[in-house]
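**Student:** First residue of the sequence shown? That's -2 in the working numbering, and the numbers climb one at a time after it. All residues carry an ideal CB built from backbone N, CA and C; glycine is no exception.
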Amino acid sequence: MTSGRESAFVLEASQLSKSYGERPALRELSLRLVRGRILGLIGPDGAGKTTALRLLAGLMRPDAGQILVSGVDVARRGAALRGLIGYMAQAYSLYGDLSVEENFRFFAAMLGVASREIPAMEERLLGLAMLLEHKKKPAGTLSGGMYKKLALACVLSHKPPLVLLDEPTNGVDPISRRELWAFLRELVDDGTSVVIATPYMDEAERCDEVALLVDGRIVAHDNPTRLMAEHQAGGEKGATFEDVFLALSEASSEKDEKS
Ligand SMILES: Nc1ncnc2c1ncn2[C@@H]1O[C@H](COP(=O)(O)OP(=O)(O)OP(=O)(O)O)[C@@H](O)[C@H]1O
Ligand SMILES: [Mg+2]
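1) Would you kindly work out how many angstroms separate the C-alpha atoms of aspartate 187 and lysine 156, rounded to a whole number?
2) DSSP three-state call for alanine 150: helix, strand or coil?
3) In whole angstroms, what is the alpha-carbon distance linking threonine 195 and glycine 37?
4) Hey, how far is the Cα of leucine 23 from the Cα of isoleucine 39?
5) Is it the case that the CB of threonine 47 approaches a heavy atom of ligand 1 more closely than 7 Å?
6) Determine the burial state of alanine 5: buried for a count of at least 16 other Cβ atoms within 10 Å of its Cβ, exposed for fewer.
7) What are the uninterrupted segments assigned as alpha helix (DSSP H) that are 4 or more residues long and contained completely in the region 155 to 215, given in chain order?
8) DSSP state of serine 246, grouped into three classes?
9) Given a threshold of 16 other Cβ atoms within 10 Å of its Cβ, counted over all protein chains shown, does proline 221 qualify as buried or as exposed?
10) In angstroms with no decimal places, state the Cα-to-Cα distance between glutamate 257 and proline 59.
11) Pull up the distance between the alpha-carbon of alanine 10 and that of alanine 49, whole angstroms please.
12) Starting from valine 66, trace the beta strand (DSSP E) both ways and give me its first and last residue.
13) Taking the beta carbon of isoleucine 35 as the centre, do at least 16 other beta carbons fall within 10 Å, making it buried, or is it exposed?
14) Looking at the secondary structure, which residues open and close the alpha helix (DSSP H) in which proline 116 lies?
15) Is alanine 44 near ligand 1, in the sense that its beta carbon is under 7 Å from a heavy atom of that ligand?
16) Sorry if obvious, but does the Cβ on glutamate 164 come closer than 7 Å to a heavy atom of ligand 2?
17) Please state whether DSSP places glycine 21 in a helix, a strand or coil.
18) Looking at the secondary structure, which residues open and close the alpha helix (DSSP H) in which glycine 80 lies?
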């Protein structure tokens, strides 16, 4: 099912809203992403990051709005959707008593990868995840960072053009974090598009573009260098991305109070 035209966007979400009961979790969120880029969805706890990713992955319906992934309407949830998206949940679960390679093979098969293609994918993805030498270890004995890298390898096994990652670097040490980012960079260099939710402001500058999410609303969506430069032009030298975020989120809540 296509939108009837060849879209330049891997992801087009328009005017998504979602409430849990009376409480709005997302308010009119719109996002677009082209091929081969990393979009950081950056916001504090409770900002709506997980809600946004679940909607984008088709795991939950928005109250309003539309999502197209490679031109496919997510609301139709066709079998096509599975091939188009790799989704890593915030609490992604592997089988602790199965080895690294057994987990990989299991998830690859679940995602529809043909058995003759699994060994080559395993070699490539466990290689990128720097897990080849650990492939006989039970997943339950891996460090937190290795576990996340294995989960990432598993959700990528069917080569989805769009990958949605919910806080993949949470609880990961700085070295593994750097490896995880290098892994993501390799992927996008190959044409994959990534949306990564993170509460860590310092990860903003590793993204090609960032959408800052405050209280369910996008308060800025731009290139991180440009956001930083604009902020510094406003007077504050030596600012960190956290300063930029705080300034934008204060400006947004002042606007809310006035309206
Ligand atoms: N199943 C649910 N039922 C009711 N409220 C929910 C549910 N899931 C999320 N919420 C609320 O919706 C808002 C957004 O939550 P969400 O989990 O999307 O935020 P988040 O940015 O992912 O936060 P975190 O960084 O803590 O993971 C929060 O106020 C949260 O309490
Ligand atoms: Mg979350």
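**Tutor:** Result, derived from the coordinates:
1) Distance from the CA of aspartate 187 to the CA of lysine 156, rounded to the nearest whole angstrom, comes to 10 Å.
2) In the structure shown, alanine 150 sits in a helix (DSSP, three-state: H, G or I).
3) The straight-line gap from Cα to Cα measures roughly 7 Å.
4) Each residue's Cα considered, the two are about 14 Å apart.
5) In this structure, ligand 1 has a non-hydrogen atom nearer than 7 Å to the beta-carbon of threonine 47.
6) By the Cβ neighbour-count rule, alanine 5 is exposed, with fewer than 16 other Cβ atoms within 10 Å of its own.
7) 171 to 186, all fully within the region 155 to 215.
8) Under the three-state reduction of DSSP output, serine 246 falls in the helix class.
9) Proline 221 counts as buried, since at least 16 other C-beta atoms from the protein chains shown sit within 10 angstroms of its C-beta.
10) Lying before the first or after the last residue shown, residue 257 is absent from the chain, which here runs from -2 to 256.
11) Roughly 10 Å separates the two Cα atoms.
12) 61 to 66 is the extent of the beta strand (DSSP E) around valine 66.
13) By the neighbour-count criterion, in which 16 or more other beta carbons inside 10 Å mark a residue as buried, isoleucine 35 falls on the buried side.
14) Proline 116 -> alpha helix (DSSP H) spans 115 to 125.
15) The nearest non-hydrogen atom of ligand 1 is less than 7 Å from the C-beta of alanine 44.
16) For glutamate 164, the CB falls within less than 7 Å of some heavy atom of ligand 2.
17) Sequence check: residue 21 is proline here, not glycine. Annotated three-state conformation of proline 21 is strand, per DSSP.
18) Run containing glycine 80: 76 to 81, per the alpha helix (DSSP H) assignment.
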